[in-house]
Every structure is written in C-alpha cells, then in structure tokens.
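Novice: I'd like to ask you about the structure that follows.
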Amino acid sequence: MSPLILPYAREDASQPPSLHPGYASTVARSPRQPLVKIPHTLTETTGPAGCWENLMGGALADLTAQHAGTPQGQRIIVSGRVLDEQGRPVPNTVMEIWQANAAGRYIHKKDQWAAPLDPNFTGAGRVVTDAEGRYRYVTVRPGAYPWGNHHNAWRPSHIHLSLLGPAFATRLITQMYFPDDPLIEIDPIANAVPMPYRQRMVSRFDIGTTQANWALGYLFDVVLRGREATPFEDDHDD
Amino acid sequence: MTTELANPAPRQDNQDPALFGQTPSQTVGPFFHYGLPWKGGADLVGQSDMGARPELFPEEHYVLNLSPPRGAVAGKTIAVEGVVYDAEGKPVPDAMIEIWQANAAGRYASPDDDRSNLPLDEGFIGFGRAATDENGLYRFKTVRPGSVPGPGNSAQAPHIAVSVFGRGVIKRLVTRIYFEDAVENASDPILALVPAERRDTLVARKIDDAWRFDIVLQGARETVFFDV
Chain A
1 MSPLILPYAR EDASQPPSLH PGYASTVARS PRQPLVKIPH TLTETTGPAG CWENLMGGAL
61 ADLTAQHAGT PQGQRIIVSG RVLDEQGRPV PNTVMEIWQA NAAGRYIHKK DQWAAPLDPN
121 FTGAGRVVTD AEGRYRYVTV RPGAYPWGNH HNAWRPSHIH LSLLGPAFAT RLITQMYFPD
181 DPLIEIDPIA NAVPMPYRQR MVSRFDIGTT QANWALGYLF DVVLRGREAT PFEDDHDD
Chain B
1001 MTTELANPAP RQDNQDPALF GQTPSQTVGP FFHYGLPWKG GADLVGQSDM GARPELFPEE
1061 HYVLNLSPPR GAVAGKTIAV EGVVYDAEGK PVPDAMIEIW QANAAGRYAS PDDDRSNLPL
1121 DEGFIGFGRA ATDENGLYRF KTVRPGSVPG PGNSAQAPHI AVSVFGRGVI KRLVTRIYFE
1181 DAVENASDPI LALVPAERRD TLVARKIDDA WRFDIVLQGA RETVFFDV
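In structure tokens:
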C-alpha cells in the first residue's frame, strides 16, 4: 500500500533565480539545464523531526552569553514565528543562526578584512520553535562589511538563518535584514529577490519586543512552503 | 494618558500582511562553517567527526554539536563521496551538502512516514550534513537505503535525496543519488522523468570502497537538478 501523499506547494514568485549575474559567483555556480520537475513522493514530504539534540544540537538562544565577557555592539532581541503559507504555525522546528559581529567581521578564518574580531562573540546559535511556532533569540546587531563582488561593494547588516521545516521540500536558507538599511537596495544578493518580495526579508523594529534599558527588539516571521489541501494521488488499497 | 509610543508608521517589511508568503531563499555564503556543519554531521551511523571544518575558525568558537551518540543501525554501511565542480571544472571548496534518506528497510524516520509495519532504527535519523573540503570533496558514511514507495503503486529505486548549498548558490539545488548496481533503477518513476542521456549524472558508481557521486553545477555532464 502506498501512503497518502499531501504534496507541498512549489516555490512562489518571491524565490530568486539561481543565476543572478549581479551576484558574480552565481555565474559559474548555477545550472544551465532546465530543472526536471518531479512529483512529491515520500522522499520529499518527510523530514527529521524532534531529534535536533541528536543532529545539530540543542538550543543556544543567547549569542551574547557564550563567552566570559559581554560582546561589543548593540544588543538586540529577534523574535517571531515560523509559519507555513496558510499561516499555520510550524512547531518544534529548528532554526540555525549565524552572523558577523558588531563590526561586520565573521569569526571565520577566511574573513580577513580590517575590522576587529570580538573574543566574546562567536555569532552562532540555534532555537527551536514552540507549539505556536514562536522563537526568540538574543544577539548583537551585525555590522555591514565589504566584499569583492564589485568595486566598493558592501553587504547590508544581515543574520543568516537555516530552517528544515517538516519535510525535505520545506528546507530553507535565507538572510534577515534590518529596516532602514540603505545598503539593501544596492546589494546584489538581496536584489536577486524581485520587489516587492525582497521586503519579506526585512525585519521590523518593534517597541513591544524591545526591553527597556536592555535591548532593541525586531520581529521576523519565516514562512515555509505549505502543504496543499488535497492529496496528490489516490491511496490504493491492494 | 499613556507614556508608551506606538511603533513607527507601518511600511512594507516582513510583517506586512500584503506581502505574506514564502520567505525567499538566500545564499549560505562562504562563512557558514562555524554555524552549520557539526562534527559527525556526515556520519549517520558512527561517531566520527566527519562533516565539519573546525580548522576554519578558532577552537574556542566551536558551539556546534559534538558527534552525538548513535544506537544500533541495521543494514549495510556505505561510504558516499564526491567532488562539487563549477562551470569551469574547478572544485567548490565552500559548498555544503545535505542528505535525507530512508533506512535499510525503506522507512523514513519521520512522523509523515507512518508505515508502522516497517522497522525504524533507534540510532538512525537519515539526515546528514557535510561541508566540502579545500578540494571540493564531501564524504558521508551512512547505510544503503531500501526502496520506498513512489506515485501510485510504483516503487522507487533506493536513493538518497541531496541538497546543495554554497557561496554563489542563491537557492538550494536538489538532486538524488541512485546506485549503479540497483536493478530497480530501470523502473524508477523519477529517473524515468529525466532525459535518458542525462540519467547517469544521478547514478553513483562504486570505486574502491566508496560510492562516487560528483556534483557538477554547470557545463558538460551537468548534474540533473530537480524542481521539487
């Protein structure tokens, strides 16, 4: 007997093309042959669940408390929900986080630009959503940094986010940006996403999330592909 | 009288209901190694450190998982490895490969595979993650998956689902690893959707003790990538 398959939605108009020549590295790293569209089978509609401690590890929700001292920079709280396209919460799913420090420098050895490292800041963490799909973590606002894509290229401040969601089909790696950052509109990576969808990656400052005398708050919901309402195929009892 | 001010005037951003929909994909970038590939992420059956690149950042900044313990896993342990190449045939040293697969009995360790007549292995999740090394090489240790159901009453040949991320890869590329010696390949419903002359880019070959599966992002012998 084949199991009932409820397929996930395909990507929507917000998803960037693999080839975006403004982001120069895509030119030699994007396929030229057309993608082969395949139906969703059990392979695509399943995924690991409830086993994060045995995979990437348990929650690490305070990126400012991983070392002996307090990291430099503006302390921030980032909070929001992980939802599907129907607006339903995605509970108990893992979100992995990594980012540059407040000066715009990654702890990575291949990041060698002339901004200081911070011995009290690694910039990596993980959170798991609650029953309502909510998550929250504490970090510092990452700085902008230059990169070699073109003359005087600067990445806007951003936090990298990695989510598995409930299925192979829902896997997502994205970047969260900050409101009122003038670098967004001249950033080839952000602009691989057509407007207005680019704005889906821009967090909102929120005074309600902000904690008095402690940290600024930003809201950011992540929307994963949703399951369609009707089965893709009949269930054959035989 | 309230002393609290409201939020600034709404503008189009992540919270704008008019924009609600899928969050767009962005590249993993070149600096993911201290944030994603944990020690043991590429060893789905043992407790080695495979998968991580801890030499790329100071040891005191390693906050990823440490080779989590595994229970017993049924089936044949296999090695799967390959090099990721770009359009110019150059290895890609900053890619990340993830795999997802069924166990040897053909069952996924997922609540969405409820075929309780098939066994699960306590020690096998079936999800793995590996960063490519300086030579573009990734390696996994896992078990050979069993056959799983396909559309209708079809059966799929044993396969491993693959996600490819990397600097310059702005959105995940999806492919599959099939096994050269599997007789089921001839009737696999997904391979049947692939132009015959490109199918062999999806088939791993046994070289010495490992299943070899190179991933060519572009150009001659470009790997077949799927729209899922």
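If you read the sequences in order, they're chains A and B. The first sequence: position 111 = 111 (our numbering), numbered continuously. The second sequence: position 65 = 1065 (our numbering), numbered continuously. By construction, the Cβ of each residue, glycine as well, lies at the ideal position given by its N, Cα and C atoms. Since the model is a prediction, treat every value here as computed from it, not as a measurement.
Which of the three DSSP states, helix, strand or coil, is assigned to proline 1091 of chain B?
Specialist: Numbered from its first residue, the second sequence carries residue 1091 of chain B at position 91. It is a strand residue.
Novice: Check the Cβ-Cβ distances between proline 1058 of chain B and every residue of chain A, and say whether any is below 8 Å.
Specialist: Along the second sequence, one-based indexing puts residue 1058 of chain B at 58. At least one chain A Cβ lies under 8 Å of proline 1058 of chain B.
Novice: For the beta strand (DSSP E) that glutamate 96 of chain A lies in, which residues bound it at each end?
Specialist: Mapped onto the first sequence, residue 96 of chain A falls at position 96. Run containing glutamate 96 of chain A: 94 to 99, per the beta strand (DSSP E) assignment.
Novice: Should the region 15 to 34 of chain A be regarded as contacting the region 1206 to 1217 of chain B, the criterion being three or more beta carbon pairs within less than 8 Å?
Specialist: Cβ pair count under 8 Å is three or more, so yes.
Novice: Determine the DSSP secondary structure at methionine 1096 of chain B, reduced to helix, strand or coil.
Specialist: For the purposes of this step, residue 1096 of chain B is identified with residue 96 of the second sequence, where counting begins at 1. In the structure shown, methionine 1096 of chain B sits in a strand (DSSP, three-state: E or B).
Novice: Quick one: using the 10 Å Cβ neighbour count with 16 as the cut-off for buried, is aspartate 238 of chain A buried or exposed?
Specialist: Counting from 1 along the first sequence, the entry for residue 238 of chain A is found at position 238. Annotation note: pLDDT 38 at aspartate 238 of chain A (below 50); position unreliable, coordinate value reported separately. That one is exposed.
Novice: Identify, in the order they occur along the chain, each residue of the same chain with its Cβ nearer than 6 Å to the Cβ of aspartate 241 of chain A, setting aside the five sequence neighbours on each side.
Specialist: The structure shown does not extend to residue 241 of chain A, since chain A spans only 1 to 238, so no value can be given for it.
Novice: Is it right to say glutamine 1026 of chain B is buried, meaning 16 or more other beta carbons lie within 10 angstroms of its own, or is it exposed?
Specialist: For the purposes of this step, residue 1026 of chain B is identified with residue 26 of the second sequence, where counting begins at 1. That one is buried.
Novice: When the cut-off is 8 Å and only beta carbons count, does alanine 61 of chain A lie next to chain C?
Specialist: Note that chain C does not occur in the displayed structure, where the protein chains are A and B.
Novice: Okay, do the region 1155 to 1172 of chain B and the region 148 to 157 of chain A touch, 3+ Cβ pairs below 8 Å being the bar?
Specialist: Verdict: no, contact absent.
Novice: 8 Å is my cut-off, CB to CB: does lysine 1171 of chain B come that close to chain A?
Specialist: Taking the first residue of the second sequence as 1, we reach residue 1171 of chain B at position 171. Cβ-Cβ to chain A under 8 Å: yes for lysine 1171 of chain B.
Novice: Taking 8 Å as the CB-CB limit, is histidine 20 of chain A close to chain B?
Specialist: Position 20 of the first sequence, counted from the start, is the residue given in the question as residue 20 of chain A. Yes, because at least one Cβ of chain B sits closer than 8 Å to the Cβ of histidine 20 of chain A.
Novice: From the DSSP output, read off the bridge partner residues of isoleucine 5 of chain A.
Specialist: Taking the first residue of the first sequence as 1, we reach residue 5 of chain A at position 5. DSSP output for isoleucine 5 of chain A lists no bridge partner at all.
Novice: Tell me which residues of the region 30 to 50 of chain A have at least one Cβ-Cβ distance to chain B shorter than 9 Å, keeping chain order.
Specialist: Cβ contacts with chain B come from Ser30, Pro31, Arg32, Gln33, Pro34, Leu35, Val36, Lys37, Ile38, Pro39, His40, Thr41, Leu42, Thr43, Glu44, Thr45, Thr46, Gly47, Pro48, Ala49, Gly50.
Novice: Which same chain residues, not among the five before or five after phenylalanine 1226 of chain B, have their C-beta less than 6 Å away from its C-beta?
Specialist: Walking along the second sequence from the start, residue 1226 of chain B turns up at place 226. Contacts found: Val1174.
Novice: Kindly indicate if chain A contains any beta-carbon less than 8 Å away from that of glycine 1166 of chain B.
Specialist: Working through the second sequence from its first residue, we reach residue 1166 of chain B at position 166. Output row for glycine 1166 of chain B: interface = yes.
Novice: Taking the continuous beta strand (DSSP E) assigned at leucine 243 of chain A, which residues delimit it?
Specialist: Within the shown structure, residues of chain A are numbered from 1 to 238, placing residue 243 of chain A beyond reach of any answer.
Novice: Tell me the rounded alpha-carbon separation between glutamate 1081 of chain B and aspartate 1208 of chain B.
Specialist: Locating residue 1081 of chain B in the second sequence gives position 81, counting from the first residue. Locating residue 1208 of chain B in the second sequence gives position 208, counting from the first residue. Rounded to the nearest angstrom, the two C-alpha atoms are 12 Å apart.
Novice: Out of B:Lys1171, B:Glu1060, B:Pro1068, B:Pro1151, state which residue places its alpha-carbon closest to the alpha-carbon of serine 25 of chain A.
Specialist: To locate residue 25 of chain A, count along the first sequence from 1; it is residue 25. For serine 25 of chain A, the nearest C-alpha among the options comes from B:Lys1171.
Novice: May I have the straight-line CA-CA distance separating isoleucine 107 of chain A from leucine 1056 of chain B, to the nearest angstrom?
Specialist: Here residue 107 of chain A is taken as the residue at index 107 of the first sequence, counted from 1. Here residue 1056 of chain B is taken as the residue at index 56 of the second sequence, counted from 1. Using only the alpha carbons, I get a separation of about 9 Å.
Novice: By DSSP, does alanine 1018 of chain B sit in helix, in strand, or in coil?
Specialist: Position 18 of the second sequence, counted from the start, is the residue given in the question as residue 1018 of chain B. Correct three-state label for alanine 1018 of chain B: helix.
Novice: Closer than 8 Å, Cβ to Cβ, to anything on chain B: give me those residues from the region 189 to 216 of chain A, in chain order.
Specialist: Correct list: Ile189, Ala190, Ala192, Val193, Pro196, Tyr197, Arg198, Gln199, Arg200, Met201, Val202, Ser203, Arg204, Phe205, Asp206, Ile207, Gly208.
Novice: Assign proline 182 of chain A to one of two classes, buried (16 or more other C-beta atoms within 10 Å of its C-beta) or exposed (fewer than that).
Specialist: Position 182 of the first sequence, counted from the first residue, corresponds to residue 182 of chain A. Flag for proline 182 of chain A reads exposed.
Novice: Just checking: is the beta-carbon of tyrosine 23 of chain A within a distance shorter than 8 Å of some beta-carbon in chain B?
Specialist: Here residue 23 of chain A corresponds to residue number 23 of the first sequence, with the count starting at 1. True, the Cβ-Cβ gap to chain B drops below 8 Å.
Novice: DSSP three-state call for leucine 42 of chain A: helix, strand or coil?
Specialist: As a position in the first sequence, residue 42 of chain A is number 42, starting the count at 1. DSSP places leucine 42 of chain A in helix when its eight states are reduced to three.
Novice: Please determine, among A:Asn120, A:Gln74, A:Leu19, the residue with the shortest C-alpha to C-alpha distance to alanine 215 of chain A.
Specialist: On the first sequence, position 215 is the one that residue 215 of chain A refers to. For alanine 215 of chain A, the nearest C-alpha among the options comes from A:Gln74.
Novice: Could you check whether the Cβ of tryptophan 113 of chain A sits closer than 8 Å to any Cβ belonging to chain B?
Specialist: On the first sequence, position 113 is the one that residue 113 of chain A refers to. Closer than 8 Å: no.
Novice: So if I threshold CB-CB distances at 9 Å, which residues from the region 86 to 108 of chain A count as touching chain B?
Specialist: Against chain B - using a Cβ distance shorter than 9 Å - the residues of the region 86 to 108 of chain A are Gly87, Glu96, Ile97, Trp98, Gln99, Ala100, Tyr106, Ile107, His108.
Novice: Assuming valine 128 of chain A and valine 90 of chain A are in contact, meaning their beta carbons sit under 8 Å apart, how far apart are those beta carbons, in whole angstroms?
Specialist: Taking the first sequence and counting its residues from 1, the one referred to as residue 128 of chain A is at position 128. Taking the first sequence and counting its residues from 1, the one referred to as residue 90 of chain A is at position 90. That belief does not hold up - the Cβ atoms of valine 128 of chain A and valine 90 of chain A are roughly 11 Å apart, past 8 Å.
Novice: Apply the 10 Å Cβ neighbour rule to proline 1195 of chain B and answer buried if 16 or more other Cβ atoms are within range, or exposed otherwise.
Specialist: The residue given as residue 1195 of chain B occupies position 195 in the second sequence. Under this definition proline 1195 of chain B is an exposed residue.
Novice: Considering valine 1245 of chain B, what are the terminal residues of the beta strand (DSSP E) in which it resides?
Specialist: This structure cannot settle anything about residue 1245 of chain B, because the visible part of chain B is limited to 1001 through 1228.
Novice: Within 8 Å, do at least three Cβ pairs link the region 97 to 105 of chain A to the region 57 to 73 of chain A?
Specialist: Result yes; three or more Cβ-Cβ pairs closer than 8 Å.
Novice: Of all the CB atoms in chain A, is at least one closer than 8 Å to the CB of valine 1083 of chain B?
Specialist: Here residue 1083 of chain B refers to the residue found at position 83 when the second sequence is read from its first residue. Answer no: the Cβ-Cβ gap between valine 1083 of chain B and chain A never drops below 8 Å.
Novice: Taking tyrosine 1034 of chain B as the query, report the chain A residues whose CB atoms sit under 9 Å from its CB, ordered along the chain.
Specialist: Position 34 of the second sequence holds residue 1034 of chain B. Under the 9 Å cutoff, chain A gives Trp98, Tyr106, Ile107, His108, Thr122, Gly123, Ala124.
Novice: Suppose you measure from the CA of threonine 64 of chain A to the CA of asparagine 120 of chain A; what does that come to, to the nearest Å?
Specialist: Here residue 64 of chain A corresponds to residue number 64 of the first sequence, with the count starting at 1. Here residue 120 of chain A corresponds to residue number 120 of the first sequence, with the count starting at 1. One C-alpha to the other measures close to 8 Å.
Novice: In the structure shown, what three-state DSSP assignment does leucine 1137 of chain B receive?
Specialist: Here residue 1137 of chain B corresponds to residue number 137 of the second sequence, with the count starting at 1. The answer is strand: DSSP assigns leucine 1137 of chain B an E or B state.
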